[in-house]
Structure formats: structure tokens, C-alpha cells
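Structure, as C-alpha cells:
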Amino acid sequence: MSSTKHTHNTIPSKPCKGCTCSIGLLSRQQRNKTLFRQLYSSKRKSVIDINDKSDQYSVSTTFLQCNNESKNINTTNRLVELRKAMYQFDNTLVCYIIPSEDEHFNEYTSFTDQRRSFISGFDGSSGVAIVTNDLSNLNVDTHPEGKAMLSTDGRYFLQASRQLDYNWKLNKQGIPSEIDWQQFCINECLENFEVFNVNKKDNVIKMKIGIDPKLISINKYEQLRNKITKQGLDDKIEIIAVENNLIDQIWPMFENPIERPCNKIEYLESKYAGKSFLEKKALVLEKLETKKLIITQLDEICWLLNLRGSDIEYNPVFYAYLIIDGDETILFTNNSFEDYIIALLVQDGVQVQRYQRFWLQLQKMANFTEEKINVTQSCSWAVIKHLNSNYKIVESPVAYLKAIKNSYEISNAKLAQNKDAFALIQYFAWLEAEVGIKERLIDEYKGAMELEKIRSTLSNYKGPSFASISSSGSNGSIIHYHPVKDECRMIDPSKPYLIDAGAQFLEGTTDITRTLVLKDDIENLKELKRNYTLVLKGNLNLERMVFPKNTISGDKLDIIARQYLWAHGLDYKHGTGHGIGSYLNVHEGPIGVGPVKVNDIKLAEGMIISNEPGYYKDGEYGIRIENDILVIQHPELKDSLTFENITTVPYCRRLIDTTLLSKEEISQINKYHQRVWDTLSLKTNPLSITYKYLKRETAPL
109 MSSTKHTHNT IPSKPCKGCT CSIGLLSRQQ RNKTLFRQLY SSKRKSVIDI
159 NDKSDQYSVS TTFLQCNNES KNINTTNRLV ELRKAMYQFD NTLVCYIIPS
209 EDEHFNEYTS FTDQRRSFIS GFDGSSGVAI VTNDLSNLNV DTHPEGKAML
259 STDGRYFLQA SRQLDYNWKL NKQGIPSEID WQQFCINECL ENFEVFNVNK
309 KDNVIKMKIG IDPKLISINK YEQLRNKITK QGLDDKIEII AVENNLIDQI
359 WPMFENPIER PCNKIEYLES KYAGKSFLEK KALVLEKLET KKLIITQLDE
409 ICWLLNLRGS DIEYNPVFYA YLIIDGDETI LFTNNSFEDY IIALLVQDGV
459 QVQRYQRFWL QLQKMANFTE EKINVTQSCS WAVIKHLNSN YKIVESPVAY
509 LKAIKNSYEI SNAKLAQNKD AFALIQYFAW LEAEVGIKER LIDEYKGAME
559 LEKIRSTLSN YKGPSFASIS SSGSNGSIIH YHPVKDECRM IDPSKPYLID
609 AGAQFLEGTT DITRTLVLKD DIENLKELKR NYTLVLKGNL NLERMVFPKN
659 TISGDKLDII ARQYLWAHGL DYKHGTGHGI GSYLNVHEGP IGVGPVKVND
709 IKLAEGMIIS NEPGYYKDGE YGIRIENDIL VIQHPELKDS LTFENITTVP
759 YCRRLIDTTL LSKEEISQIN KYHQRVWDTL SLKTNPLSIT YKYLKRETAP
809 L
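Each step along the sequence shown adds one to the number in our numbering, with nothing skipped, and position 367 is 475.
Below, the structure is given as C-alpha cells:
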């Protein structure tokens with residue numbers, strides 16, 4: 109699962125068609141029901157009261173504060189000011205690129221780094237914005253004009269179409285009829301080149317594509333530069349570094365600046381980490397020709413040093429850079445430490461310097477070392493510029509080692525899964541009783557907050573691993589939908605409910621999705637059961653896969669999960685799985701399962717990935733079933749691997765069509781449900797609604 113986030117001041121948009129969040133939009137059938145009468149008379153008081161946790165190491169201080177439909181920003185004035193800044197910086201700057209990421213290329217970013225969201229209004233976790241200046245405009249310095257394009261992938265097409273205003277064009281990545289954003293930049297530059305250099309044969313002026321060099325990886329920079337070169341356009345188009353970020357310049361004109369978080373750092377004990385920093389460092393250096401390495405990815409730094417932070421919501425990381433130079437290790441951060449952590453770092457030979465000194469140290473290394481300095485493909489263009497030519501680009505040894513969990517991390521991951529499963533079954537039982545049986549008014553946000561309330565009682569709980577996707581009916585068809593307080597719809601018992609939720613525990617990170625119905629008589633039950641079962645079959649078959657060691661990357665397995673949907677002309681616009689961290693990021697590289705080959709990393713024993721096929725019928729409903737699966741040695745075939753499902757949450761019995769299942773699949777479900785029952789029933793009060801729910805849902809098919 110990937111989820112959007114970000115807190116902004118928002119202007120509520122018009123209610124969506126068929127939404128049950130207002131009286132006037134309730135169906136006629138609903139108006140005579142208790143649900144409608146309650147809605148009419150209710151003042152929509154909060155169903156629960158969540159007290160703020162004071163834990164200074166919580167990875168989340170706010171929950172579910174953003175919404176695909178409620179965010180509505182008029183970007184006209186923002187674009188005008190940006191184009192003015194572009195012209196002032198360079199009067200031949202045609203395109204300015206605004207990526208989603210910060211300088212560490214985090215999927216989730218702090219508010220201060222959400223530049224693309226600020227300029228476009230789109231707050232999905234993936235996408236790039238391009239703003240152009242029309243240089244043929246005679247008033248380009250005072251009344252600039254141009255184009256604005258937002259390019260994102262299929263997970264966000266619907267969300268982006270709702271959030272972008274009339275100034276923006278949506279570029280749908282992966283659609284054959286659409287050009288990619290790099291070619292869009294090239295085309296815009298060529299168009300302006302012809303205008304700017306009309307009737308010129310000599311001394312032509314190049315058109316510029318600008319970007320903050322800290323915000324583009326060297327890999328993506330090279331892709332863009334090579335595309336220009338292959339088209340023979342080096343004499344017409346140039347990529348330039350805009351080191352004083354233009355969005356940062358104009359942002360204070362519209363909103364008060366907010367400082368980047370800089371919270372206290374936490375030490376992860378060996379009973380959770382499994383290996384010491386020095387043990388991990390030795391493994392990293394074994395994979396390198398020279399003993400010099402620049403690490404810019406925050407989760408890699410945290411994993412290597414056995415440290416955790418809370419600077420980015422949902423991600424237990426802190427802002428830092430790390431340099432390994434043989435026996436010397438330097439951590440660059442402004443965050444504070446407890447004295448005992450400082451002592452541990454000193455004992456391990458780790459120096460701590462201010463975050464800003466990283467760039468000076470880079471120049472020093474480049475000037476005073478003859479050995480090549482190892483940098484990863486995810487480092488920024490700015491890092492490369494500081495190193496001149498004294499570097500070697502390598503695949504991150506830290507990322508690969510981090511993905512292979514040690515025995516401590518694996519056993520702890522299973523504990524975390526069982527804790528989260530216990531919270532989820534309590535939530536499902538409560539939701540069915542309140543909404544399905546009693547027909548009480550519970551909206552999507554309050555539902556998610558009830559789950560949060562339950563989780564907060566569990567030991568070592570640190571917060572959600574992403575903003576919960578709590579979606580009823582048609583909202584489930586928005587792959588990365590999030591409810592917002594007082595602006596979302598009521599959970600409708602006559603329609604399917606999709607909840608994608610994850611947790612951070614000291615023991616590990618979880619990411620679980622279930623689709624359920626809260627009563628027997630629901631709309632389109634026959635169609636729902638068929639499509640749910642097709643999704644379930646894909647999930648089950650991926651879990652059963654047996655494959656040879658050292659040969660299979662995730663893209664080879666993607667078809668396994670999609671095949672049953674494809675047989676009915678159906679599909680889903682997201683990957684099937686992603687790596688999951690160990691009390692770290694819920695989306696962890698470099699592994700994953702998807703239709704596109706991102707890298708050549710082979711699945712290996714100890715890796716944990718999500719298994720989450722789905723189906724989404726626009727405007728009606730969404731289905732997704734997500735488990736977290738562990739790559740294990742096959743119990744009988746010594747040269748083969750398979751998966752172990754470590755999630756322990758039952759499937760929705762009401763939506764399973766057993767006529768579509770093979771005997772092997774039925775047996776697999778029954779064995780799984782027996783394990784779920786054995787794991788969770790002993791923790792559950794036999795007189796509780798949770799116990800009754802669990803017993804019913806795990807009974808043999």
C-alpha cells in the first residue's frame with residue numbers, strides 16, 4: 109500500500125455524486141431507515157474521543173488529515189509568481205521541474221518539502237510537476253503565461269483529476285497515447301527555441317530546463333540528459349541547476365513558513381535490531397571495492413546505525429547524511445540525542461556533525477582522496493556536482509542488506525503482525541455491530557480513528573505506518589483515498605468497505621488490507637463475490653509460488669496475482685507488492701512485485717513483501733486483499749524458495765464464492781483460518797463480540 113498524506117488548509121469541494129455525507133444525497137430507500145433518521149437529527153458528534161499520545165518517539169502526530177476530494181487550491185497566483193521567479197532567474201528558463209521528493213528522496217515528506225503539492229494542489233505521494241514559461245509572450249516579465257502539467261501513475265489518476273484545477277493538465281504515466289514528462293519538457297523547449305532564435309543562424313541561445321539539483325537523483329538526471337543527447341538537441345537544450353529553490357522563494361507569499369521537524373533520536377535495542385552497527389558496517393564494506401561510501405537515504409542511515417526518529421510522519425526516520433570513510437564514520441544531523449546514545453556512537457567510532465556541514469565534507473573528500481567515492485543511484489545530482497568526477501555509482505549495499513531480515517527482525521515482525529491483527533479483528537467486530545447491525549452513524553474518519561484507539565492500547569505501538577485508507581462504497585475505487593474529519597461519507601452497510609491500514613511497533617512494521625461487507629443483503633452481491641474471489645485467488649496463488657533461488661525478481665511474479673482478473677478482462681493500476689521495513693518505512697526498496705522491472709534485485713530468503721492484488725470499479729467500489737509475506741527456504745526443495753504469509757487476519761466469508769475456488773485453494777484458506785484462530789482466539793474474551801466474529805470468520809469453508 110502506498111498512501112498519500114500532508115496537512116493543508118483546504119476548501120471543501122462539492123460532495124461527490126451518491127455520497128452519503130449529506131441528507132440530500134441519501135437514496136430514497138435509505139430515507140425511511142434508522143440510518144437516515146439518525147442522520148437528520150444528529151449533530152454528528154464524535155463517536156470516540158482519542159487522547160493525544162505524549163510519546164516523544166511517536167512517528168505520527170496527526171492522523172488522516174488529508175483528503176483527495178477536500179483539497180481544492182486555486183493555483184493561478186502561485187503559477188504567476190513562479191513564472192516570474194523563473195524569468196528573473198534566467199530569461200531562457202522554459203521548464204521548471206518540481207518533484208515530489210525531498211533531498212533524501214523520501215516517499216513521505218515533511219510539510220516544508222511538499223513543494224509539488226504547494227504549487228499544484230495534488231497531494232498524492234508520487235508525481236512530478238512541470239511549469240513552463242511561454243517566452244513568446246511579450247509581457248513574460250510581468251504577466252507570464254505558460255503550461256502546467258502534473259505527471260503521475262495509475263494509482264492517482266482519479267485523485268489527481270479531482271484535485272488539480274483548470275490551470276493543470278494531467279499526464280497519465282503508462283498510457284500509450286501520453287508522452288512522458290521528460291519529452292514534454294523537450295517539446296516545450298524546442299517550441300520556444302524556434303521562437304526565441306527566429307532568423308538566427310549563429311549564436312543561437314539554448315533553452316533551459318531547470319531543477320533544484322538536490323531534488324533529482326543522479327539516475328533521473330542522466331535519463332533526462334541522455335534523452336536530450338539521443339535526439340541531437342545538446343546545442344538547443346540545457347539542463348541547469350537552480351540551487352536556490354524557486355518554490356521556496358515564493359511560498360512565503362501565500363503561507364507562513366514552517367520549520368522542518370528536528371526531533372529527538374531513539375536507539376533501537378539489539379533485541380529488535382539483531383545486529384550491531386559495527387557488524388552491519390563490516391557487511392556493507394565487504395560489498396565495496398573502496399571503503400568510502402556516501403549514504404543519503406534516511407531509512408538506510410537509521411537501519412545501519414540502529415537509530416530511529418520521528419521527523420517524517422509515519423516514518424521513524426530523522427534528517428541526516430552519513431559518510432563512511434574506512435574506519436571513520438560521520439553522521440550529519442541537527443537532531444538531539446540522549447547522552448547514552450552519544451556514548452554508544454563514540455564507542456563505535458561515529459562522529460556527529462551539523463547537518464549543513466555535509467556539503468563541505470563532500471568537497472574535502474573529493475579534493476583530498478585518490479580513491480573513488482562510492483555513491484548510490486539514489487543520491488542527488490547535487491552530491492555528484494560536489495564530488496566533481498571522483499566518484500563511482502553503485503547499487504546501495506545498505507538497501508539490499510536491509511531488505512534481508514535477520515532472525516531477530518523476522519521473529520519480531522511476526523509479533524507485530526499478530527498485534528495488529530488483534531487490533532483489526534476488534535475493529536471489524538465493532539464496526540459490524542455498530543454499522544451493520546445497529547445502523548449507527550459512523551463515518552470513514554471516525555472508523556479509522558476507532559482502529560487507532562484500539563491500537564494505542566497495544567504494547568510498543570509507535571503510530572500508524574501510513575494514513576489509513578478507510579473507504580466506503582465508491583470511495584474504495586480511489587486507490588489512495590483518505591477520509592478527512594467532518595468531510596467524509598458515512599460507512600454505508602449496503603456497500604463494501606475497504607480498509608488499508610498499517611502500524612509501527614518497536615517489533616516491526618505492518619501493512620494490511622481487507623475488504624468486507626457488514627451484512628448479508630448488500631448491493632451487487634453476486635458481482636462483488638465474483639470479483640473478490642478473483643482477487644483472493646491471485647493473492648493465494650502468489651503466496652503458494654515456488655521458485656528457484658537467485659533467479660527471480662518481483663516483476664516475474666506479478667502475472668501470478670493478475671491472471672484470474674485478466675481472464676475476466678479486469679486488472680488493477682498498481683503494483684502487486686513492495687518491500688516492508690523493520691520498524692522503518694512501510695514501502696522499502698529495492699524489492700517489489702509489479703509489472704515493470706525496476707531493478708534486477710532477486711528475491712532472497714528473509715525478505716518481507718506485501719501481497720496486494722485488487723480490483724476497482726470506478727464510481728462504485730474497490731477490492732483489495734493485502735497480506736505481508738516472508739520469503740523462506742522451501743521445506744522440501746533445497747534450491748527453491750517460497751512464501752510464508754505472516755499476516756493473521758481472516759478473509760471476508762460473505763464475499764468468498766467457493767464455486768470459483770479449487771480444492772487446493774479452499775484447503776489453503778481453511779489452514780490459514782485455523783492458524784488465525786489458534787493465534788488470536790486465546791487473546792480474546794469468549795464473551796466478546798470479537799470472539800464471536802473471529803469464530804465465524806475462521807470457520808472452515
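Just so you know, even glycine gets a beta-carbon here, dropped at the ideal spot from N, CA and C.
- Note on the stretch 204-250: whole beta strand (DSSP E) runs with a minimum of 3 residues are 236-240, in chain order.
- Counting the other Cβ atoms within 10 Å of the Cβ of G340 gives fewer than 16, which makes it exposed.
- The straight-line gap separating the alpha-carbon atoms of A268 and G235 is approximately 10 Å.
- For H494, the enclosing alpha helix (DSSP H) has its first and last residue at W489 to L495.
- Taking E408 as the centre and dropping the five residues before and after it, the same chain places the C-beta of S504, V506, A507 and K510 closer than 7 Å to its C-beta, in chain order.
- Secondary structure within the stretch 328-366: the beta strand (DSSP E) runs of 3 or more consecutive residues, fully enclosed, are 345-349 (chain order).
- One thing to note: S748 has its Cβ within 9 Å of the Cβ of P656.
- With a contact defined as Cβ atoms closer than 8 Å, G700 and I717 qualify at about 7 Å.
- Residue pairing for I607: DSSP places it in a beta bridge opposite S578 and R622.
- Counting only the Cα atoms, S418 lies some 12 Å from S444.
- Taking the CA atoms as reference points, E397 sits about 9 Å from N482.
- In the structure shown, the three-state DSSP call for F613 is strand.
- Residue pairing by DSSP places R416 opposite E374 in a beta bridge.
- Where H781 is concerned, the enclosing alpha helix (DSSP H) starts and stops at K771 to L788.
- With fewer than 16 other CB atoms across the displayed protein chains lying within 10 angstroms of its CB, V303 is exposed.
- In terms of Cα proximity to I319, the closest of S519, D210, D343 and I740 is D210.
- Going by DSSP, V188 is part of the alpha helix (DSSP H) stretching over T184 to F197.
- DSSP places Q741 in the strand class (E or B) of the three-state scheme.
- Beta-carbon to beta-carbon, C410 and L692 are separated by about 6 Å, close enough to satisfy the 8 Å threshold.
- An exposed status is given to V306, since fewer than 16 other beta-carbon atoms sit within 10 Å of its beta-carbon.
- Shortest Cα-Cα distance from I345 to any of I227, I324, I336 and F466 involves I336.
- Excluding five sequence positions before and after I797, the CB atoms of its chain that fall closer than 6 Å to its own CB belong to A537 and A541, given in chain order.
- Going by beta carbons, L354 and Y204 fall inside the 9 Å limit.
- Annotation for L559: the continuous alpha helix (DSSP H) segment containing it runs E552 to R563.
- Of all C-beta pairs linking the stretch 587-600 to the stretch 547-557, three or more are shorter than 8 Å, placing the two stretches in contact.
- Taking the Cα positions, T659 is about 43 Å away from G229.
- For D433, the uninterrupted beta strand (DSSP E) segment begins and ends at Y429 to D433.
- For a cut-off of 8 Å, the C-beta gap from D765 to R638 is around 6 Å, short enough to register as a contact.
- Y429 and I402 have their C-alpha atoms some 8 Å from each other.
- With 16 or more other Cβ atoms from the protein chains shown falling within 10 Å of its own Cβ, V757 counts as buried.
- Per DSSP, F301 lies in no beta strand (DSSP E) segment; the continuous alpha helix (DSSP H) that holds it begins and ends at W289 to F304.
- S259 is bridged by DSSP to V236 and N279.
- Beta-bridge analysis with DSSP links H686 to G700.
- With a beta-carbon spacing of about 17 Å, N300 and W289 fall beyond the 8 Å limit used to define contacts.
- Taking each of A611, L201, A807 and Y216 in turn and checking the Cα distance to P207, the smallest one comes out for Y216.
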